[in-house]
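The opening residue of the sequence shown carries number 1084 in this note's numbering; numbering runs sequentially from there.
Even for Gly, the Cβ is constructed at its ideal location relative to N, Cα and C.
These figures come from a predicted structure and were not determined experimentally.
Comments concern the structure below.
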Amino acid sequence: MSSVESQIDELLRLDPKQYGFVETISMSFRDGDGYELSMKLRPHDLARDDRLELTAQYVSNVQLVEQGHWEGGVLISVEDLSSSQWDRCRFRFFDSENDAISFYCGEFSVTVRG
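So, in structure tokens, the structure goes:
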């Protein structure tokens, strides 16, 4: 199994469809590493207090839509782009529910806290 496949499997094991409400999104520039995007999502079940935290490195082509499209939540999906010719672009993240967000990245990490 490739590292790309194992990273995607790690995300899927955490069952991201449970976490549909974006709490925060932030971007920062890392000298020499390009942009980093951090996103914190809370679960659909408001009685739970855990959060899914996604951090993506080498981020490009970020697209966000107007706030009204976020109200129904998001369904974060990931696509393997490792066979593409794009430099440092191995993953595409996107909202497969409302097209509220999409971006490309070279690496990512994901954890559940709470």
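Asked: Cβ pair count under 8 Å reaching 3, the region 1168–1187 against the region 1139–1158; Found: yes
Asked: Nearest-angstrom Cβ-Cβ length linking V1193 and E1119, presumed shorter than 8 Å; Found: Wrong, their Cβ atoms sit about 14 Å apart, outside the cutoff.
Asked: Residue range of the alpha helix (DSSP H) that includes R1096; Found: 1086–1096
Asked: Cβ neighbour criterion (16 or more within 10 Å) applied to D1178; Found: buried
Asked: Check: L1095 C-beta below 6 Å from any heavy atom of the ligand ADP; Found: Looking at this structure, you won't find the ligand ADP or any other ligand, since it has none at all.
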